[in-house]
Structures are given as structure tokens and as C-alpha cells.
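Q: For the sequence shown, the tail end lands on 382 under my numbering, and the numbers increase by one without skipping.
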Amino acid sequence: MKEITDILKAYKKAAKAQQKTALATVVKVEGSSYRRPGARMLITEHGQLTGAISGGCLEGDALRKALSAIVQQENKLITYDTTDEEDARIGVQLGCNGIVHILFEPINDLDPLNPIVLLEALSAEREDAVLVTLFSLTDKSQPGTSMLYRRDHLQSRTPVAIQQEVIKTAAAVLNDNTSSFQVYPSGANAITGFFEFIRPPISLVIAGAGNDVQPLAEMAYLLGWEVHIVDGRASHASSMRFPNAARVIIAKPEQILSHIKIDAQTAFVLMTHNYNYDLAVLNILLDTNSPYIGSLGPKKKLIRMLDELDRNTKENELRIHGPVGLDIGAETAEEIAISILAEIKAVFSGATLNALKEKKAPIHHQEIISIG
Numbered sequence: 011m012k013e014i015t016d017i018l019k020a021y022k023k024a025a026k027a028q029q030k031t032a033l034a035t036v037v038k039v040e041g042s043s044y045r046r047p048g049a050r051m052l053i054t055e056h057g058q059l060t061g062a063i064s065g066g067c068l069e070g071d072a073l074r075k076a077l078s079a080i081v082q083q084e085n086k087l088i089t090y091d092t093t094d095e096e097d098a099r100i101g102v103q104l105g106c107n108g109i110v111h112i113l114f115e116p117i118n119d120l121d122p123l124n125p126i127v128l129l130e131a132l133s134a135e136r137e138d139a140v141l142v143t144l145f146s147l148t149d150k151s152q153p154g155t156s157m158l159y160r161r162d163h164l165q166s167r168t169p170v171a172i173q174q175e176v177i178k179t180a181a182a183v184l185n186d187n188t189s190s191f192q193v194y195p196s197g198a199n200a201i202t203g204f205f206e207f208i209r210p211p212i213s214l215v216i217a218g219a220g221n222d223v224q225p226l227a228e229m230a231y232l233l234g235w236e237v238h239i240v241d242g243r244a245s246h247a248s249s250m251r252f253p254n255a256a257r258v259i260i261a262k263p264e265q266i267l268s269h270i271k272i273d274a275q276t277a278f279v280l281m282t283h284n285y286n287y288d289l290a291v292l293n294i295l296l297d298t299n300s301p302y303i304g305s306l307g308p309k310k311k312l313i314r315m316l317d318e319l320d321r322n323t324k325e326n327e328l329r330i331h332g333p334v335g336l337d338i339g340a341e342t343a344e345e346i347a348i349s350i351l352a353e354i355k356a357v358f359s360g361a362t363l364n365a366l367k368e369k370k371a372p373i374h375h376q377e378i379i380s381i382g
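1. What separation, rounded to the nearest whole angstrom, lies between the Cα atoms of G386 and K38?
2. Can you grab the Cα-Cα spacing for the pair A180 / S189, in whole Å?
3. On the CB-based measure, 16 or more other CB atoms within 10 Å of its CB, does G66 come out buried or exposed?
4. Answer yes if the stretch 346–358 comes into contact with the stretch 221–232, meaning at least three C-beta pairs across the two stretches below 8 angstroms, and no otherwise.
5. Using 8 angstroms as the threshold, is the stretch 158–170 in touch with the stretch 41–55, meaning 3 or more CB pairs across them?
6. Rounded to whole angstroms, how far is the Cβ of A217 from the Cβ of M315, which I believe are closer than 8 angstroms?
7. Please identify the residue among D288, L147, P253 and I172 whose C-alpha is closest to the C-alpha of V237.
8. Give me whichever residues DSSP pairs with Y302 in a beta bridge.
9. Starting from D337, follow its DSSP beta bridges and name the residues at the other end.
10. Go through its chain and collect everything with a Cβ distance to K367's Cβ below 8 angstroms, but skip five positions before and after it.
11. If the criterion is Cβ atoms closer than 9 angstroms, does the pair T155 and N124 meet it?
12. Report, in whole angstroms, the separation of the C-beta atoms of L336 and L363, which I expect to be a contact under 8 angstroms.
13. Distance, Cα to Cα, I259 vs F358?
14. Please specify which runs of the beta strand (DSSP E), each continuous and at least 3 residues long, are wholly inside the stretch 26–66, giving them in chain order.
15. In the DSSP assignment, find the unbroken beta strand (DSSP E) run with E86 in it and report its ends.
16. Which of the three DSSP states, helix, strand or coil, is assigned to D241?
17. Below 8 angstroms on the Cβ atoms is my guess for L128 versus Y159; work out the distance and round it to an integer in Å.
18. Classify L232: buried if its beta carbon has 16 or more other beta carbons within 10 angstroms, exposed otherwise.
19. Helix, strand or coil: how does DSSP classify S248 here?
20. DSSP three-state label for Y155, please.
21. DSSP has E206 in a bridge; who is on the other side?
22. Below 6 angstroms CB to CB, which residues in the same chain sit around P210 once its five sequence neighbours on both sides are set aside?
23. Quick one: Cα of L267 to Cα of A256, how far?
24. Can you confirm whether the stretch 22–33 touches the stretch 132–148 when touching is taken to mean that 3 or more C-beta pairs between the two stretches lie within less than 8 angstroms?
25. Based on DSSP bridge pairs, tell me the residues matched to A227.
26. Count the other CB atoms within 10 Å of the CB of T342; is the residue buried (16 or more) or exposed (fewer)?
27. Would H111 be called buried (16 or more neighbouring beta carbons within 10 Å of its own) or exposed?
28. Below 9 angstroms between beta carbons: does that hold for L214 and A277?
29. Does the distance from the CB of R45 to the CB of I63 come in under 9 angstroms?
30. Using the three-state DSSP reduction, which class does V102 fall into: helix, strand or coil?
31. Among the residues of its own chain, which have a CB less than 7 angstroms from the CB of I100, if the five just before and after it don't count?
32. Quick check: what's the CA-CA separation for T10 versus K86?
33. May I ask you to report which of helix, strand or coil DSSP gives Y21?
34. Roughly how many angstroms lie between the CA atoms of S146 and E175, to the nearest whole one?
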């Protein structure tokens with residue numbers, strides 16, 4: 011979501027300067043590639059790039075293709091093929107031995123459902139959604155970013171002939187929580203739909219506003235997470251100390267839940283260094299459905315808190331991440347922040363904590379469904 015947020019900010023700036031723009035989206039990858047389907051980049055007519063569609067090797071050529079799409083005001087699908095390992099043939103030095111299909115869409119400000127409008131609607135709500143991008147590998151016509159689907163909300167510019175089928179597929183993707191592709195027959199050609207399942211960004215609630223919280227809050231912000239600081243001390247909990255936090259809340263433990271809405275992407279970390287404050291917050295959080303609760307400090311501190319609360323069960327010990335973070339040998343506040351963020355990311359991604367070099371399967375997995 012951070013890439014989308016950055017793109018929306020860049021678009022607003024370009025629109026204010028009356029600059030024309032185009033959106034480049036990786037819609038399909040065959041073989042190896044630095045970025046996967048769903049990677050996006052906004053290009054202005056003055057050549058400013060926001061986001062990324064590769065490790066830097068495609069951006070130069072993508073700029074030229076985007077400018078062409080802007081001038082012609084026409085969606086274009088460009089295929090970069092390096093499976094023959096002759097990168098120099100297309101002059102972009104991909105180096106990944108794969109085929110990457112990129113869709114370029116000029117943004118028409120007068121279009122009420124242009125791609126930027128759909129991305130803005132996506133980021134406006136903390137709710138799972140499916141963003142549908144339609145393209146054709148066999149036809150010049152490229153429908154582009156066509157639908158935003160939520161359980162109780164639909165915005166669509168999908169071709170009428172396939173709209174009901176697209177809605178049906180989007181509903182299935184939302185139910186399965188897995189991005190996928192679907193191919194729809196269209197006369198002598200075919201339209202491929204990239205159904206991108208998108209969760210809202212992680213909401214990180216940090217109970218504590220000490221100096222060691224500052225690098226954690228800043229790094230989480232850089233990841234695109236929503237950061238909320240909660241502390242009972244007005245001297246510590248201030249926007250001046252946490253300028254990039256979504257909210258800085260001065261509250262007693264029993265008041266916290268009146269300020270915070272917990273959803274499937276909410277993580278709590280207790281690090282006030284005030285035993286009684288952490289104890290009270292932990293007691294409250296154990297009665298919630300928060301998917302992640304972390305506690306800074308030694309294991310014996312957590313056991314003591316659970317004992318005092320008379321809630322020392324095996325289930326609670328397994329549920330709470332205490333000591334919080336991964337064992338990376340962290341010592342400084344910055345290193346501890348990396349440890350905590352890595353564990354939270356792994357938990358929400360359902361990822362293993364092994365080194366990537368030990369992984370036998372591809373790093374990225376993309377389910378593909380096709381019909382017709």
C-alpha cells in the first residue's frame with residue numbers, strides 16, 4: 011500500500027502543476043523478475059517517476075513508453091522478454107531471465123473512474139479489496155484498471171460483455187484472500203484479468219512514547235504502516251516527538267480502545283517501561299481479537315504479568331510475542347526496531363522465519379486461474 015500512497019501524493023502534486031501523467035503497472039510476469047504483478051509507477055510528462063516496476067533496469071525505457079501513451083492518450087501493453095538472455099537486444103539490461111508485461115495508462119482527469127480515482131477509493135477505507143486490471147496479450151485494445159471490488163462496494167468500468175463474470179471472480183478472490191488471473195474469451199481474442207487482493211496497511215499501535223519508540227515508529231512509517239502512539243505522559247506523547255504518526259494519543263490504559271479500532275491488520279506493542287501501565291493494557295488486549303500483541307522485555311516479565319492477572323495459560327503464552335521481535339542479535343533501539351518490525355511482518359504475511367537461501371520454492375507465489 012505504501013507504493014500506492016506515494017503514487018497518489020505524486021499525482022496530486024502533478025495535477026496541481028497541471029502536468030499530464032501515466033500509470034505503469036506490472037500485470038503479468040513469466041519467469042524471474044525483480045517486481046511482481048501489482049507493482050506500479052507514476053510517470054509525469056516532465057519525467058518524474060514515483061514507485062518502481064523493476065530494480066531500475068526498466069524505468070528508462072518505461073519513461074519513453076509512458077510519454078508515448080500520454081501523447082496518444084491510449085493504453086498500451088509493453089512486453090519485455092529476456093528469456094533468451096540477450097538483454098542488450100532490447101537495451102534495458104533486465105538481467106532476470108523473465109518476461110514482464112507492463113500496462114501503461116494515461117490518466118484522464120475528466121474520467122470519473124480513471125485508475126487514480128480507483129486507487130484513491132482503495133486507500134480511503136481500511137477494508138480488504140480486489141483491484142481488477144484487464145489487459146490483452148492478443149489484441150491492441152487494453153481496458154486497463156477497471157474495477158474496485160469490496161463486499162459492499164463496487165466501482166467498475168469493466169466492459170459490459172464480461173462484467174458479471176469479472177464480479178463473480180472478484181468475489182471469489184476476496185473470499186480466498188489470494189490474488190489470481192482469469193482469462194475471458196473475447197471474440198477471436200482474449201482478455202486477461204489480474205485480480206489483485208489488497209489488504210489495508212498494518213496499523214501499529216505502540217503503547218509507549220520513550221526514546222526507543224521513536225526509531226520503531228519512524229521505520230514503521232517508512233514501510234507505509236499506520237502508526238499510533240499511546241502513552242499517559244503528555245511530556246512524551248507529542249506530535250513533535252512523533253511527527254509521522256497517524257495519531258498521538260494521551261490516554262490511560264482503560265481509555266485506549268475508545269481511540270483505536272482493532273481489525274485484522276492491527277498490531278500492538280507494549281513498551282512503556284512502566285510495568286503497571288503495560289500490565290493494565292495487556293489485561294485489556296487479551297479480551298480483544300487483536301492478531302498481534304508484543305511485549306518488550308524479558309520472558310520472566312511477561313510471565314509475571316500473566317500470573318498477576320491470573321491469566322497465565324498456555325494459550326496466552328503462545329499468543330503473546332514476548333520478548334517481542336526476532337532473534338537477530340539486536341542491541342540498539344534501531345536494531346530492536348528492525349527485529350520487531352520483521353516479526354510483525356512475518357506474522358501478518360504468514361511467512362516462515364527461515365533464510366531465503368533455505369527456501370526450495372520460488373520466493374514469490376502467484377496463483378493462476380484460467381478459463382476458455
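We put the CB at the ideal spot given by N, CA and C, even for glycine.
Keep in mind that this is a model prediction, so the values were computed, not measured.
A: Reading it off the structure:
1. No information on residue 386 is available, as it lies outside the stretch 11 to 382 that the chain covers here.
2. 9 angstroms
3. exposed
4. yes
5. no
6. The beta-carbon separation of A217 and M315, rounded to 13 angstroms, does not stay under the 8 angstroms limit for a contact.
7. P253
8. A277
9. D337 is not bridged to any residue.
10. The answer is none, since no qualifying residue turns up.
11. yes
12. Yes, they are in contact, since the Cβ atoms of L336 and L363 sit about 6 angstroms apart, within 8 angstroms.
13. 25 angstroms
14. 31–41, 50–54 and 59–61
15. It is worth fixing the name first, because residue 86 is Lys in this sequence and not Glu. Boundaries of the beta strand (DSSP E) harbouring K86: K86 to D91, taken from the DSSP string.
16. Residue state, collapsed to three classes: strand.
17. About 10 angstroms separates the Cβ atoms of L128 and Y159, ruling out a contact at the 8 angstroms cut-off.
18. exposed
19. coil
20. Reading off the sequence shown, one finds Thr at residue 155, where the question assumed Tyr. Strand, per DSSP.
21. L141
22. R136 and Q275
23. It is roughly 16 angstroms from the alpha-carbon of L267 to the alpha-carbon of A256.
24. no
25. Its beta-bridge partners do not exist; DSSP assigns none.
26. exposed
27. buried
28. yes
29. yes
30. With a pLDDT of only 49 at V102, under 50, the local geometry of the prediction cannot be trusted, and no value is derived from it.
31. Low confidence applies to I100: its pLDDT is 49, below 50, so where it sits in the model is not reliable, and the reading given next is rough at best. Answer for I100: Y90, listed in chain order.
32. Outside the modelled stretch of the chain, which goes from 11 to 382, sits residue 10, for which no answer is possible.
33. helix
34. 16 angstroms
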